[in-house]
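Chains A and B, in that order, are what the protein sequence lines are.
18 is the number that the numbering used here gives to position 18 of the first sequence; each next residue is one higher, with no gaps.
1068 is the number that the numbering used here gives to position 68 of the second sequence; each next residue is one higher, with no gaps.
Protein chains: 2
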Amino acid sequence: MPRIRHTTLTCSPGCTVEATLELFGGKWKALILYHLFEDGVLRFGEFRRRMPNVTQRMLTNQLRELEADGLISRTVFPEVPPRVEYELTDLGKTLKPVIQALKKWGDRYAHALQGRETGT
Amino acid sequence: MPRIRHTTLTCSPGCTVEATLELFGGKWKALILYHLFEDGVLRFGEFRRRMPNVTQRMLTNQLRELEADGLISRTVFPEVPPRVEYELTDLGKTLKPVIQALKKWGDRYAHALQGRETGT
DNA sequence: GCCACTAGTGTCAGGAATGATACCATGCCG
DNA sequence: CGGCATGGTATCATTCCTGACACTAGTGGC
């Protein structure tokens, strides 16, 4: 369900920039990663509480895609009621500086984002 | 034409991450910015040559959106044939660490992006 | 006159991304 | 037995994004 991926990373010198962006360019992926960096481990329901305006379906989707990309791991505990924990993989953890850079910029230049269409 | 923007940056602590991403989350925006960081000033046609698989319409679109967001400036020279130059604004230049972080990650972990659907 | 060049714009269409809503299994609690 | 909790799925609809293609203006060159 993500956009088309780059396979040959030779299309242009900046191609890897695009390719990286495709990994967490999904509408909520960066937010998911951000919360994982903050909290370490999160259950499905905790994500829901932290991101109330994301539908269950979208959340599942984005989590699965992040998992498929090897950025997060999903652990199911065979309990009732079910428990599923998500956490960053080693690869996912390497994204920390990237997310941090995004956050830092956003915090500093948030004013540049104002005055747009209505959003969340 | 971009996705819905955040106006109140209070939806969640990581909201600014998403908001920042919306600025250059467009399919080709990061690439445009990247080339501008590399070359400083670029004409429309130079973008086309650097990004051959982007249609003219998309390129115009993405450039206009970046301009509307105050990240790049567009200077028209009243000549024939017409000449239009694009360059980063001061605000746009502040994104450099972010783009660099993306590039750095992509270059290092490109292997994690392999084996996906066909792309460019 | 005819063609080329640059930097676009207009229109249309297809597909992907997203959202709303309803539904499921299991086991505990009362 | 009924209801609740968790972590999902399934289906459908819609909206948004993206691309293909054709077309434009003004001038220079042949």
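Yeah, the Cβ is synthetic: ideal placement off N, Cα and C, and Gly gets one too.
Residue state for Val41/A is assigned as strand, using DSSP reduced to three classes.
Exclusion of the five residues before and after Val1054/B leaves Trp1028 as the residues of its chain whose Cβ lies within less than 6 Å of its Cβ. Taking a Cβ-Cβ threshold of 9 Å, the residues of chain A close to Pro1097/B are Ala101, Lys104 and Trp105, in chain order.
Around the beta-carbon of Thr20/A, 16 or more other beta-carbon atoms lie within 10 Å, marking it buried.
Counting only Cβ-Cβ distances below 8 Å, Gly25/A has contacts in chain B at Leu1021 and Gly1025, in chain order. The Cβ-Cβ distance between Asp69/A and Leu23/A falls below 8 Å. Straight-line spacing of the CA atoms in Arg74/A and Pro52/A works out to 21 Å. Within chain B, the residues whose beta carbon sits less than 7 Å from that of Glu18/A are Ala1030 and Leu1031, listed in sequence order. The closest CA to that of Lys1096/B, considering only Gly45/A, Glu18/A, Trp105/A and Arg50/A, is found on Trp105/A.
For Tyr86/A, there are no C-beta contacts with chain B under 8 Å, since the nearest C-beta of that chain is about 15 Å from it. Bounds of the alpha helix (DSSP H) holding Thr20/A are Cys15 to Phe24. In the displayed model, Thr75/A falls within a strand according to three-state DSSP.
No Cβ-Cβ contact shorter than 8 Å links Val98/A with Ala1110/B. The beta carbon of Thr89/A is closer than 8 Å to those of Gly70, Leu71, Ile72 and Ser73 in its chain, skipping five residues each way along the sequence.
Interface flag for Thr1094/B against chain A is set, since a Cβ pair is found closer than 8 Å.
In terms of Cα proximity to Val17/A, the closest of Met1058/B, Gly1026/B and Glu1085/B is Gly1026/B.
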